[in-house]
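Visitor:
Structural data, given as structure tokens:
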């Protein structure tokens, strides 16, 4: 009966969103992306396929926004959340007079608010339109992570190449120096290709690979111990 590794470095808790930093391209950083967001009128999108780091990137931007005096509200949508009541509660509320909104915005420029919306593509078209209008009227910034363009300016596109996948896998493994190195670079590249560039799914696959190789590794150690006695 397979017992499995006592500790698997590719366990989901070691690479959940926010557990590792986002790997920016050369010359880019969370601060440069935040500046791009401000230059776009505090409205924009992070666009990319499944499992390419959009949520991690949003998490990386939170401390930058807060340090700039921004009040950040984070909402994550999941499959099928077309009309999430917790997000659209404010949309249904009556709009304050526009002059009051503008006056409040002008009198407190260092107390601005921004909505970070992860999974924006889940919203029904009417809900998305209402949210865009609501945030604009109230002077609330809107930064979304989405699988496809939704009409906002694309500020950053996430893609995972072999170099990035190797960097992530290396970062995970290096946090557990006492564990045997059972996953090599070629295995990481093969996992990424097998999962069509979805790094999250590739890491789940590497979890299974590590378990299988641990059983072989443990079996070899056991055989050597029996041979030496």
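Residue numbers (the numbering used here): 36 to 264.
Backbone N, C-alpha and C define an ideal beta-carbon position, used for all residues, glycine too.
Under 8 angstroms, do residue 211 and residue 56 count as touching if we go by C-beta distance?
Guide: By one-based count along the chain shown, residue 211 stands at place 176. By one-based count along the chain shown, residue 56 stands at place 21. The answer is no: Cβ separation not under 8 angstroms.
Visitor: CA-CA distance, residue 159 and residue 116?
Guide: On the chain shown, residue 159 is found 124 positions in, with the first residue counted as 1. On the chain shown, residue 116 is found 81 positions in, with the first residue counted as 1. Roughly 8 angstroms separates the two Cα atoms.
Visitor: Sort out for me which residues DSSP pairs residue 79 with in a bridge.
Guide: In the chain shown, residue 79 corresponds to position 44, counting from 1. Partner(s): 178.
Visitor: Assuming residue 187 and residue 104 form a contact by the criterion Cβ under 8 angstroms, report the distance between their Cβ atoms to the nearest whole angstrom.
Guide: Position 152 of the chain shown, counted from the start, is the residue given in the question as residue 187. Position 69 of the chain shown, counted from the start, is the residue given in the question as residue 104. Not confirmed; about 23 angstroms, so no contact.
Visitor: What is the rounded straight-line gap between the Cα of residue 207 and the Cα of residue 165?
Guide: Residue mapping note: residue 207 aligns to position 172 of the chain shown, counting from 1. Residue mapping note: residue 165 aligns to position 130 of the chain shown, counting from 1. Going by the C-alpha atoms only, they are around 41 angstroms apart.
Visitor: Under a three-way DSSP split, which group does residue 234 fall into?
Guide: In the chain shown, the residue the question calls residue 234 occupies position 199. Reduced to three states, the DSSP call for residue 234 is helix.
Visitor: So what's residue 152 in DSSP terms, helix, strand or just coil?
Guide: Residue numbering aside, residue 152 sits at position 117 when the chain shown is read from its first letter. If DSSP states are grouped into helix, strand and coil, residue 152 belongs with the strands.
Visitor: I think residue 227 touches residue 180, with their Cβ atoms under 8 angstroms apart; what is that distance to the nearest whole Å?
Guide: For this step, residue 227 is matched to residue 192 along the chain shown. For this step, residue 180 is matched to residue 145 along the chain shown. With a Cβ gap of about 21 angstroms, residue 227 and residue 180 do not count as contacting.
Visitor: Less than 6 angstroms between C-beta atoms, sequence neighbours within five positions excluded: which residues of the same chain meet that for residue 237?
Guide: Along the chain shown, read from residue 1 onward, the residue named residue 237 stands at position 202. Excluding positions up to five away in sequence, the list reads 226, 227, 230.
Visitor: Could you compute how far the alpha carbon of residue 141 sits from the alpha carbon of residue 175?
Guide: In the chain shown, the residue the question calls residue 141 occupies position 106. In the chain shown, the residue the question calls residue 175 occupies position 140. Bear in mind that a pLDDT of 38 at residue 141, under 50, signals an unreliable position, so the model cannot answer this.
Visitor: In terms of residue numbering, what span does the beta strand (DSSP E) encompassing residue 109 cover?
Guide: The sequence position of residue 109 within the chain shown is 74, counting from 1. Looking at the DSSP string, the run of the beta strand (DSSP E) that includes residue 109 is 106-111.
Visitor: One question on the structure: do residue 84 and residue 232 come within less than 8 angstroms of each other, judged by their Cβ atoms?
Guide: By 1-based counting over the chain shown, the position of residue 84 is 49. By 1-based counting over the chain shown, the position of residue 232 is 197. Closer than 8 angstroms, so yes.
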